[in-house]
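*Asks:* Count along the first sequence starting at 1, add 229, and that's the number in our numbering.
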Amino acid sequence: MPELPEVETIKNDLAPEVKGCRFVAVAFLCPQMVRRPSPDELHQRLIGQTVQEVTRRGKYLIFRLHSGEALLLHLRMSGSLLLKLSPAEPNSYTRAIFNLGNGLELHFCDRRKLGTIELVRDEAEVTAKLGPEPLDPGLTTEVLSQRLSRRRAPIKAVLCDQAFLAGIGNMYADEALFAARIHPLKPARALSEEEIERLHQAIAEVLEAAIGNRGATISNYSDAHGQPGVHQFFFSVAHRGGEPCPVCGTAIQRIPIRNRGTYFCPNCQNK
DNA sequence: CCCGGAACCTGAAGGC
DNA sequence: TGCCTTCAGGTTCCGG
């Protein structure tokens with residue numbers, strides 16, 4: 230599942246290839262994934278536009294266009310974005326094809342059709358609702374502490390809330406909580422200052438390590454060239470139910486939180 | 001504002 | 001072998 234490190238990897242792969250390109254043809258094979266405007270209007274407004282910059286906010290991949298508009302793609306659970314030499318055959322999961330005019334095509338593939346495509350005049354229309362970037366140096370432990378103090382939901386659920394912090398999902402929330410030795414069910418506002426400091430540090434370390442490993446491939450994530458990430462081999466607890474904790478050897482437990490599989494060490498992570 | 005559950009979606013995996 | 005159920009989890013919507 231693409232989270233911040235995976236989207237960051239795709240963005241870094243795409244940026245040098247796509248910057249300056251022009252959208253010369255677009256095909257929507259699954260129109261329901263086009264959020265706004267309508268597929269027809271999006272098509273009409275996108276064709277002819279050039280890409281000024283490719284960037285990321287939370288889990289959104291953003292193509293800033295010279296007109297000032299922005300094309301935002303979200304991969305959700307099963308999406309991938311593949312850079313291919315034109316003309317490239319779509320496969321059965323190809324949902325949209327963006328022809329970039331320089332011999333390249335961008336294929337948005339998504340088995341489950343949960344991904345989204347939207348074109349907006351101002352990207353803030355989409356990103357304004359997001360919380361801070363977890364790796365923003367401007368995000369201080371004090372800010373984190375202040376924001377946590379209002380939340381009584383399990384810390385795991387709060388970390389996955391994009392309005393709280395943008396970009397963390399199920400896998401990296403589990404990894405960060407393990408690194409910070411915090412029980413995933415602990416109410417957010419019950420965290421001590423020491424725990425919040427550890428968590429802040431753990432989030433940064435976990436995300437940076439994952440970016441360095443080009444993301445994690447658990448089911449079907451791949452980068453823009455179709456290659457898997459390797460960070461899953463460095464997971465301590467995520468998707469490792471029943472395996473020994475790398476610190477103490479206790480069997481890693483899996484419990485549902487908000488209907489999401491949550492992995493943790495019952496010995497290292499105290500409530 | 002905060003919280004938690006359902007819905008969206010489809011292929012893989014497991015039970016019988 | 002095959003049908004059925006369950007699971008996977010990012011986001012949005014809705015009711016409390």
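Note that CB positions come from ideal geometry on N, CA and C, so glycine has one too.
Given a cut-off of 9 Å on the beta-carbon distance, is the pair Thr370 and Ile425 in contact?
*Replies:* For Thr370 and Ile425, yes; Cβs fall inside 9 Å.
*Asks:* Counting pairs of Cβ atoms below 8 Å between the stretch 282-296 and the stretch 233-250, do you hit three or more?
*Replies:* With the cut-off at 8 Å, the stretch 282-296 and the stretch 233-250 touch.
*Asks:* Contact between the stretch 344-359 and the stretch 298-317: three or more CB pairs below 8 Å?
*Replies:* Yes: at least three Cβ pairs fall under 8 Å.
*Asks:* For Ala431, which option in Glu404, Asn442, Asp269 has the closest C-alpha, if you only look at C-alpha atoms?
*Replies:* Answer by Cα proximity: Glu404.
*Asks:* Hey, would you say Leu364 sits closer than 9 Å to Leu271, going by beta carbons?
*Replies:* No, Cβ-Cβ distance for Leu364 and Leu271 is not below 9 Å.
*Asks:* The alpha helix (DSSP H) with Ser374 in it runs from where to where?
*Replies:* Residues 370-377.
*Asks:* Determine the extent of the alpha helix (DSSP H) in which Asp351 is found, giving its start and end residues.
*Replies:* Element bounds for Asp351: n/a, residue is neither H nor E.
*Asks:* If contact is defined by three or more beta carbon pairs under 8 Å, each pair taking one atom from either stretch, is the stretch 410-426 in contact with the stretch 368-382?
*Replies:* Yes, since at least three Cβ pairs between the stretch 368-382 and the stretch 410-426 fall closer than 8 Å, the two stretches touch.
*Asks:* With DSSP as the reference, identify every bridge partner of Lys240, one or two as the case may be.
*Replies:* DSSP output for Lys240 lists no bridge partner at all.
*Asks:* In the structure shown, what three-state DSSP assignment does Asn399 receive?
*Replies:* Here Asn399 sits in helix by DSSP.
*Asks:* Going by DSSP, which residues form a beta bridge with Phe493?
*Replies:* Answer is Gln482.
*Asks:* Within 10 angstroms of the Cβ of Arg350, are there 16 or more other Cβ atoms? Answer buried if so, exposed if not.
*Replies:* Under this definition Arg350 is an exposed residue.
*Asks:* Jot down the residue ranges of each uninterrupted alpha helix (DSSP H) in the stretch 290-365, minimum 4 residues, whole runs only, in chain order.
*Replies:* Counting only runs of 4 or more, we get 353-356.
*Asks:* How would you label Gly396, buried or exposed, when you count the other beta carbons within 10 angstroms and need 16 or more for buried?
*Replies:* Classification for Gly396: buried.
*Asks:* Quick check: the stretch 431-446 against the stretch 284-302, are there 3 or more CB pairs under 8 Å?
*Replies:* No: fewer than three Cβ pairs fall under 8 Å.
*Asks:* What separation, rounded to the nearest whole angstrom, lies between the Cα atoms of Glu472 and Met400?
*Replies:* One C-alpha to the other measures close to 16 Å.
*Asks:* Check each candidate in Cys338, Ala480, Glu298, Ala433 and name the one with the smallest Cα separation from Glu362.
*Replies:* For Glu362, the nearest C-alpha among the options comes from Ala433.
*Asks:* In its own chain, which residues sit with a C-beta less than 6 Å from the C-beta of Ala502, not counting the 5 before and 5 after it?
*Replies:* There is no way to answer for residue 502, as the model of the chain reaches only from 230 to 500.
*Asks:* Provide the residue(s) that pair with Asn499 in DSSP beta bridges, ordered along the chain.
*Replies:* Asn499 is bridged to Ile411.
*Asks:* Might you give, ordered along the chain, the residues of its own chain that have their beta carbon closer than 6 Å to the beta carbon of Lys500, omitting 5 neighbours on each side?
*Replies:* Once the five neighbours on either side are set aside, the close Cβ partners of Lys500 are His412, Lys415.
*Asks:* Give the single residue among His468, Val236, Asp269 whose Cα lies nearest to the Cα of Ile484.
*Replies:* It is His468.
*Asks:* List the DSSP bridge partners of Phe257.
*Replies:* Ala325.
*Asks:* Just the C-alpha distance for Ile239 and Leu312, rounded to the nearest angstrom, thanks.
*Replies:* Distance between the alpha carbons of Ile239 and Leu312 is about 10 Å.
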